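Residue numbers for the sequence shown follow the numbering used here, so the first one is 389 and each next one is one higher.
Heads up, the beta-carbon is just placed ideally off N, CA and C, and yes, glycines get one too.
In this text the structure is predicted, and so the values were computed from the model without any measurement.
One structure is given below, encoded as structure tokens.
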Amino acid sequence: NILRTAQALVAGMHAGQGVAKVAEGAEKPHKGPGEGLEAATVSVEAAAGAARLAGPALAGAPAQGERVALLISGGVDSSVALHLLKAAGHDVHAFYLRVWLADEMADLSDCPWEEDWAYASEVCARLGVPLEAVSVQEEYWDRVVAYLVDEARAGRTPNPDVMCNSRVKFGVFLDSIGQSYGRVASGHYARLRRGEGGRTELVRAVDRHKDQSYFLSSLSQAQLSRLEFPIGGLTKPEVRRLAEAEGLPTSARKDSQGVCFLGRLHFDEFLRHHLGERPGPIVEWETGERVGTHRGIWFHTVGQRKGLGPGLANAYAAKGPWHVVSKDPSGDVVFVSRRYWEIADERREMEVAGLRWASGAPPVAPGVEFRTEVQVRHGDSSHLATAELVRGGEAARVVLDEPDKGLAPGQFAAFYDGDVCLGAGVIGG
Numbered sequence: 389n390i391l392r393t394a395q396a397l398v399a400g401m402h403a404g405q406g407v408a409k410v411a412e413g414a415e416k417p418h419k420g421p422g423e424g425l426e427a428a429t430v431s432v433e434a435a436a437g438a439a440r441l442a443g444p445a446l447a448g449a450p451a452q453g454e455r456v457a458l459l460i461s462g463g464v465d466s467s468v469a470l471h472l473l474k475a476a477g478h479d480v481h482a483f484y485l486r487v488w489l490a491d492e493m494a495d496l497s498d499c500p501w502e503e504d505w506a507y508a509s510e511v512c513a514r515l516g517v518p519l520e521a522v523s524v525q526e527e528y529w530d531r532v533v534a535y536l537v538d539e540a541r542a543g544r545t546p547n548p549d550v551m552c553n554s555r556v557k558f559g560v561f562l563d564s565i566g567q568s569y570g571r572v573a574s575g576h577y578a579r580l581r582r583g584e585g586g587r588t589e590l591v592r593a594v595d596r597h598k599d600q601s602y603f604l605s606s607l608s609q610a611q612l613s614r615l616e617f618p619i620g621g622l623t624k625p626e627v628r629r630l631a632e633a634e635g636l637p638t639s640a641r642k643d644s645q646g647v648c649f650l651g652r653l654h655f656d657e658f659l660r661h662h663l664g665e666r667p668g669p670i671v672e673w674e675t676g677e678r679v680g681t682h683r684g685i686w687f688h689t690v691g692q693r694k695g696l697g698p699g700l701a702n703a704y705a706a707k708g709p710w711h712v713v714s715k716d717p718s719g720d721v722v723f724v725s726r727r728y729w730e731i732a733d734e735r736r737e738m739e740v741a742g743l744r745w746a747s748g749a750p751p752v753a754p755g756v757e758f759r760t761e762v763q764v765r766h767g768d769s770s771h772l773a774t775a776e777l778v779r780g781g782e783a784a785r786v787v788l789d790e791p792d793k794g795l796a797p798g799q800f801a802a803f804y805d806g807d808v809c810l811g812a813g814v815i816g817g
């Protein structure tokens, strides 16, 4: 019914009918930006207890009137997701998650917490939806930030957005507060297809450029079965137009470009704060000749071109362009090449470990090759590939049909069958 509501609203816009106001005359907040955020914030345990007292979660397929918890960020996507849930007749409660950076790393980030909260408050007031701020600072540190720092220190390329989704949004929140709601929803660009036997498929969004199924690829069937992504069937321009037609204050707000919940963070400064600098040699891949000095292997990733210049000796800086080919954490060495695009094997073959199958099960038995589509970063590009489960199904050996621009150890590789996400793992090396 959420999808039907979205389609009807979009059809109405195209026909020039506008959008019916869900909460006409809803009282606007009188607080200034950020006022009341501290007082409104409660712990995840307290919020979970209050949610349990409010009533039991409903079982089965989404139905009109079902209690739904919506994770709101203060952006246009989650605002429209909230609007669609209300328009479909659900009993919605919005939650704004606060994480560690607001209090402990504010000096490194221009993070618009007060602005986010003000926008979220105005949207919820307009739509007549209760809003609560929940602190997940300790959980975010333990489950996402510590992982990010450890992986970077080891010379790998972490993806905190994948971990934030699986461990915090749809981990801590879903397992505590979310248990008192029939569904937990968000403004992610992805779709869910529910089939027979209770199986839920994670499907790419209609807007492939905005699709975020890659960031959700490590979710389990148990998690997916409890979720809703109301805007997955819409394009970004349609989301903007819906927000504008509804008069939502976020309709023209720019999208956030920061790491998941870290705000407008300068990532190198974050790494420097936690890991400092540890200079080491920059070495030409083909010749073994030292061509410069880096400030720390965690500041570089495979495939990188920009940012190498300051570390290269004058005699080599103008001989580029240089790309990072690989890193040797044991010797703090960054290997670079001027002929990066000729090094095909380094960009075609990989082993992917720590497999988690969003589909509920691996597509084949160990030792059997299968054709698949592999995505190694967010965006609308992916590769056809041949894969084989190895080590008893714990990992997959993957050969891409065409070289990628950079396969970095620590990156997540997501497997697809068409638009259906099968699951994901971490690139080894």
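| Query | Result |
| --- | --- |
| Cross-strand partners of Lys715 (DSSP beta bridge) | Val722 |
| C-beta atoms of Gly462 and Ala508 nearer than 8 angstroms | yes |
| First through last residue of the alpha helix (DSSP H) which encompasses Glu626 | 624 to 634 |
| C-alpha distance - Pro698 paired with Arg779, whole-angstrom precision | 42 angstroms |
| Phe617, DSSP secondary structure in three states | coil |
| Exposure label - Glu782; buried when at least 16 CB within 10 Å | exposed |
| With 16 other Cβ atoms within 10 Å as the buried cut-off, status of Thr675 | exposed |
| Local Cβ density within 10 Å of Pro625, reported as buried at 16 or more and exposed below that | exposed |
| Cβ neighbour criterion (16 or more within 10 Å) applied to Gly448 | For Gly448, the predicted structure reports a pLDDT of 37, less than 50, and the residue's modelled location is therefore unreliable. The matter cannot be settled from this model. |
| DSSP-derived helix/strand/coil call for Asp768 | coil |
| For Ser601, the nearest candidate out of Asp792, Ser770, Pro791, Asp789 (CA to CA) | Ser770 |
| Opposing strand residues paired with Val814 [DSSP bridges] | Ala741, Phe800 |
| Span separating the alpha-carbon of Leu622 from that of Val594 | 6 angstroms |
| Helix, strand or coil at Ser461 according to DSSP, with G and I counted as helix | coil |
| Host beta strand (DSSP E) of Gln763 (start-end) | 757 to 763 |
| Helix, strand or coil at Tyr569 according to DSSP, with G and I counted as helix | coil |
| DSSP three-state assignment for Ser564, whether helix, strand or coil | coil |
| Beta bridge counterpart(s) of His682 as assigned by DSSP | Gly668 |
| Where the alpha helix (DSSP H) through Ser509 begins and ends | 501 to 515 |
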